[in-house]
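All remarks here apply to the structure that follows.
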Amino acid sequence: MIAPILEIRDLSINFGGLRAVDQVSFSVERNCITTVIGPNGAGKSTLFNLISGALRPRNGQVLIEGVDCTGQPPYRMQAAGLARSFQITNLFDELTVAENLRLAAQILEPTTKIWRPVRGSTIAQARVDELLERFSLTDKARHSVAELSHGEQRRLEVAVALACKPKVLLLDEPTQGMSQGDTQDTAELIKSLVHDVTIVLIEHDIGLVMSLSDHVIVMHQGQKLAEGPPSEVRANPAVQTAYFGHA
Amino acid sequence: MVDALTRSMRASHLLLAILVAASLVVAAIGAALGDIFYLRLATEALIFGGLAISVDILLGYTGLLSLGQALYFGLGAYLSALVLMVVPSFWAAIAATTLASAVAGLIGGFIVNRVRGVYFALITFGMAQVAAKIVYNTRALGASDGLIGVPVIDINLGVTSISSGSPVGFFLFVLALIVVMYALAAYLLDTPFGRLLIALRANEARIPFLGYRTMTPRLAAYVVAAVIAGVSGALYPMLRGFVSPELMYFETSGNAVITVVTGGTGTLVGALYGSALLTLLKSVIGSFTPHHLIVIGILFMGAVIFLPKGIMGSIRPAIERMLARGEKP
Chain A
1 MIAPILEIRD LSINFGGLRA VDQVSFSVER NCITTVIGPN GAGKSTLFNL ISGALRPRNG
61 QVLIEGVDCT GQPPYRMQAA GLARSFQITN LFDELTVAEN LRLAAQILEP TTKIWRPVRG
121 STIAQARVDE LLERFSLTDK ARHSVAELSH GEQRRLEVAV ALACKPKVLL LDEPTQGMSQ
181 GDTQDTAELI KSLVHDVTIV LIEHDIGLVM SLSDHVIVMH QGQKLAEGPP SEVRANPAVQ
241 TAYFGHA
Chain B
248 MVDALTRSMR ASHLLLAILV AASLVVAAIG AALGDIFYLR LATEALIFGG LAISVDILLG
308 YTGLLSLGQA LYFGLGAYLS ALVLMVVPSF WAAIAATTLA SAVAGLIGGF IVNRVRGVYF
368 ALITFGMAQV AAKIVYNTRA LGASDGLIGV PVIDINLGVT SISSGSPVGF FLFVLALIVV
428 MYALAAYLLD TPFGRLLIAL RANEARIPFL GYRTMTPRLA AYVVAAVIAG VSGALYPMLR
488 GFVSPELMYF ETSGNAVITV VTGGTGTLVG ALYGSALLTL LKSVIGSFTP HHLIVIGILF
548 MGAVIFLPKG IMGSIRPAIE RMLARGEKP
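From first to last, the protein sequence lines stand for chains A and B.
Take the first sequence: its letter number 4 is residue 4 in the working numbering, and every next letter is one higher.
Convert by adding 247 to the 1-based position in the second sequence; the result is the number in the working numbering.
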């Protein structure tokens with residue numbers, strides 16, 4: 001049997017007395033969108049931090065294609081095929097859009113190219129052009145990140161995470177703060193990515209979650225409350241109590 | 248297509264070409280008038296410009312404020328003096344200082360790169376002060392007097408040789424060497440490695456998620472800067488015939504930072520312009536008043552307030568626009 005692309009086993013971390021993530025287990029199917037939902041403080045972002053290596057779990061395991069990557073630093077996770085975006089835009093603000101993408105794509109070049117002039121990085125440059133096109137940022141390529149609108153910055157955040165051609169992409173609230181129209185466009189965009197990459201999403205917009213996800217994981221107070229296809233999860237009374245405050 | 252950062256670097260090259268042309272004019276006039284003092288002063292400006300380039304690699308590109316770059320400058324100066332007093336060979340002195348400053352930079356880099364921001368600045372400062380005090384108290388190194396009587400040497404260039412005692416010859420030689428170090432730094436900064444340094448300055452926290460360790464590029468930048476500072480320092484005893492513990496003091500490190508900020512942080516070439524300006528000002532104002540540091544201090548404050556990007560940082564964008572117009576769309 002082929003190992004799942006991403007598998008989480010009994011992942012836990014404490015912050016002081018608080019069990020921020022408590023014994024969470026799930027596995028993610030290839031070329032699917034798995035969405036993690038839950039009220040504020042449920043531990044969703046902390047879970048992402050544990051999976052991406054930003055935080056070291058107290059116990060439990062993170063397996064990427066069956067390989068145990070638990071507690072590895074982020075650059076090792078990246079090497080294993082995992083990339084992530086951030087809930088709060090985390091880019092190189094004073095650099096141009098193109099340079100942000102090029103920096104993220106330069107890992108695709110053979111390592112010896114790191115000592116050759118940048119204009120020789122043709123693989124990275126091709127990736128940059130491809131992403132600019134796909135994320136409708138070609139017109140903004142020469143602008144600095146600081147000059148972009150919030151929506152454009154959020155799109156670039158996803159594009160930067162995707163630039164290294166990861167196998168698994170963790171997207172932490174990619175549509176956070178976006179207008180309705182932008183949110184819809186971004187949803188379409190994310191949906192189109194799933195041919196090349198497996199996506200794990202944190203999302204608050206319930207409508208979006210239901211239309212976009214193949215699989216939904218509900219978190220509540222650090223624990224996994226339920227998981228399943230969107231329709232099933234929505235019908236789950238425990239989820240309704242925790243998430244909407246009524247049954 | 249040339250991207251914005253490559254274009255900025257090319258603008259710096261153009262400004263360097265202007266500086267080199269001006270230096271050649273200075274050399275010609277100096278030679279015609281038989282001047283010694285100003286040519287020596289200009290050579291000193293270039294040498295401290297090399298130190299300032301090393302500060303700019305750290306501060307302007309990697310975002311690391313070193314307040315102790317004089318440690319490597321002084322190491323280079325002392326080692327060069329010691330080597331020259333035993334073997335009067337330029338190449339032996341340069342080889343020894345390159346190696347020693349690389350090793351020292353590696354050791355120092357492991358210590359200082361454990362911390363960030365203000366702590367980085369404080370530890371670089373502390374390390375340099377400790378080294379300066381050790382030198383100051385070591386009789387074998389001349390203690391507070393430093394080492395005097397470094398011989399004038401002939402620099403063997405194969406086809407010809409240049410005496411370190413020749414005001415014009417040595418000035419031109421140092422100019423060439425500083426240009427080589429500038430070129431080396433500029434080359435590195437325009438590779439993906441260099442871009443990683445720029446990214447470190449912009450947002451260090453994101454780097455690991457792009458697949459890179461942050462320690463490796465930081466350390467590499469620190470070692471490169473140490474070597475450039477060390478080699479610059481190695482030229483000092485050839486010019487002045489002596490070294491003293493002052494070369495390692497905070498005044499030297501601090502001056503290098505002031506030089507970079509005045510000249511234009513993150514422009515590389517600004518380090519050289521800043522050094523030329525500050526060396527000249529110190530000499531000119533110093534000939535009128537012993538309190539020249541007060542004037543320099545006020546000028547520095549003025550530069551920070553009115554020209555926050557420094558001289559080259561203010562001029563360079565216009566050149567970048569000019570270059571952009573010249574490119575094919």
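Here a beta-carbon is modelled for each residue, glycine too, at the ideal position from N, C-alpha and C.
Handout entry: Minimum C-alpha distance to T309 of chain B - residue among B:I552, B:Y483 and B:G513
Key = B:G513
Problem - Within-7 Å CB hit, A247 of chain A to chain B - result: With a pLDDT of only 48 at A247 of chain A, under the threshold of 50, the placement of this residue in the model should not be trusted, and no figure is reported.
Practice task
For Y308 of chain B, decide whether its Cβ has a neighbour in chain A, counting only Cβ atoms nearer than 7 Å.
Solution key: no
Exercise for the section: Establish whether the CB of D437 of chain B and some CB of chain A are separated by less than 7 Å. Expected result: yes
Handout entry: Members of the stretch 453 to 487 of chain B near chain A, C-beta cut-off 7 Å
Key = R453, P455, F456, L457, G458, Y459 and R460
Exercise for the section: With a 10 Å radius around its C-beta and 16 neighbouring C-beta atoms as the bar for buried, classify R563 of chain B as buried or exposed. Expected result: Only buried fits R563 of chain B, as 16 or more other CB atoms lie within 10 angstroms of its CB.
Exercise for the section: Would you tell me roughly how many angstroms separate the C-alpha atoms of S530 of chain B and A523 of chain B, rounded to the nearest one? Expected result: The straight-line gap separating the alpha-carbon atoms of S530 of chain B and A523 of chain B is approximately 11 Å.
Practice task
Identify the contact partners of K140 of chain A in chain B, using a Cβ-Cβ distance below 9 Å as the criterion.
Solution key: Contact annotation for K140 of chain A against chain B: no contact, minimum CB-CB distance about 13 Å [criterion: below 9 Å].
Practice task
Would you mind sorting G315 of chain B into buried or exposed? The rule is 16 or more other CB atoms within 10 Å of its CB.
Solution key: Buried.
Exercise for the section: Say whether chain B places a C-beta atom closer than 7 Å to the C-beta of T183 of chain A. Expected result: no
Practice task
Count the other CB atoms, across all protein chains shown, that sit within 10 Å of the CB of G16 of chain A; report buried if there are 16 or more and exposed otherwise.
Solution key: The residue is exposed, with fewer than 16 neighbouring Cβ atoms inside 10 Å.
Handout entry: Beta-carbon neighbours of D401 of chain B, restricted to chain A and to distances below 9 Å
Key = Residues of chain A passing the Cβ test: none, with the nearest at roughly 35 Å.
Exercise for the section: Run down chain A in chain order and give the residues with a C-beta less than 9 Å from the C-beta of L252 of chain B. Expected result: L95, T96, E99 and V118
Problem - Where the stretch 144 to 169 of chain A meets chain B: residues whose CB sits under 7 Å from a CB there - result: Within the stretch 144 to 169 of chain A, the qualifying residues are C164.
Exercise for the section: Grab me the residues of F489 of chain B's own chain with a C-beta within less than 8 Å of its C-beta, minus the 5 sequence neighbours each way, in chain order. Expected result: A328, G393, L394, I395, G396 and V397
Problem - CB contact below 7 Å: N360 of chain B versus chain A - result: For N360 of chain B, no CB of chain A lies under 7 Å from its own CB, so it is not counted at the interface with that chain.
Problem - Span of the alpha helix (DSSP H), counted from its first residue to its last, around V508 of chain B - result: F497 to G510
Exercise for the section: State buried or exposed for N384 of chain B, treating a residue as buried only when at least 16 other CB atoms are found within 10 Å of its CB. Expected result: exposed
Practice task
Mark G53 of chain A as exposed unless 16 or more other C-beta atoms lie within 10 angstroms of its C-beta, in which case mark it buried.
Solution key: The residue in question, G53 of chain A, is buried, as its Cβ has 16 or more Cβ neighbours within 10 Å.
Handout entry: Below-7 Å beta-carbon distance, R363 of chain B vs any chain A residue
Key = no
Practice task
With a threshold of 16 other CB atoms inside 10 Å of the CB of Y319 of chain B, please say whether the residue is buried or exposed.
Solution key: buried
Exercise for the section: Starting from the Cα of G364 of chain B, find the closest Cα among B:P492, B:L305 and B:L346 and give me that residue. Expected result: Answer by Cα proximity: B:L305.
Practice task
Would you mind telling me which residues of chain A sit closer than 8 Å to V249 of chain B, beta carbon to beta carbon, in chain order?
Solution key: Within chain A, the residues near V249 of chain B are R119.
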